[in-house]
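The structure under discussion appears below in the form of structure tokens.
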């Protein structure tokens with residue numbers, strides 16, 4: 001519906017840690033960051049107001065890095081935890097850091113301690129941290 005490559009029914013972003021590895025079918029993937037809406041969403045739905053609605057919905061989905069490609073069967077393969085990240089930052093917390101006006105400094109510190117953050121997101125969070133000092 002929103003340009004996703006894989007839809008997982010019942011996904012709870014608050015239970016998915018950034019840096020965790022999952023097996024889906026015969027593929028292995030690593031959780032990297034929450035999905036973020038862009039202007040293309042407004043174009044797709046011919047509605048500029050959809051971006052704020054998407055953010056307010058607070059269920060962003062997530063991006064996965066493919067570690068080992070494989071076969072994923074439609075309707076038949078679950079997302080099984082293979083290796084959980086030692087860092088407690090979850091996708092929901094990460095998304096809230098990016099989009100909520102009020103930033104939770106403890107979660108921000110937790111995020112900056114996560115070695116699996118994409119470099120551009122780390123830089124963005126470091127800028128937030130500098131402004132909070």
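Residue numbers (full-length UniProt numbering): 1 to 133.
The beta carbon of each residue, even a glycine, is placed where N, CA and C say it ideally should be.
DSSP state of residue 29 mapped onto helix, strand, coil: If DSSP states are grouped into helix, strand and coil, residue 29 belongs with the strands.
Residue range of the unbroken beta strand (DSSP E) whose run includes residue 67: Looking at the DSSP string, the run of the beta strand (DSSP E) that includes residue 67 is 62 to 68.
Contact the segment 99 to 110 vs the segment 62 to 79: 3+ CB pairs below 8 Å: With the rule of 3 Cβ pairs closer than 8 Å, the segment 99 to 110 does not count as touching the segment 62 to 79.
Bridge partners - residue 24, DSSP secondary structure assignment: Secondary-structure assignment with DSSP links residue 24 through a beta bridge to 27 and 79.
C-alpha gap between residue 130 and residue 73, whole angstroms: A straight-line Cα-Cα distance of about 45 Å links residue 130 and residue 73.
Residue 111, enclosing alpha helix (DSSP H) - first and last residue: For residue 111, the enclosing alpha helix (DSSP H) begins and ends at 105 to 112.
Residue from 6, 24, 10 and 5 with nearest C-alpha to residue 83: Nearest option by C-alpha distance: 24.
Residue range of the alpha helix (DSSP H) that includes residue 129: Here the alpha helix (DSSP H) through residue 129 covers 119 to 132.
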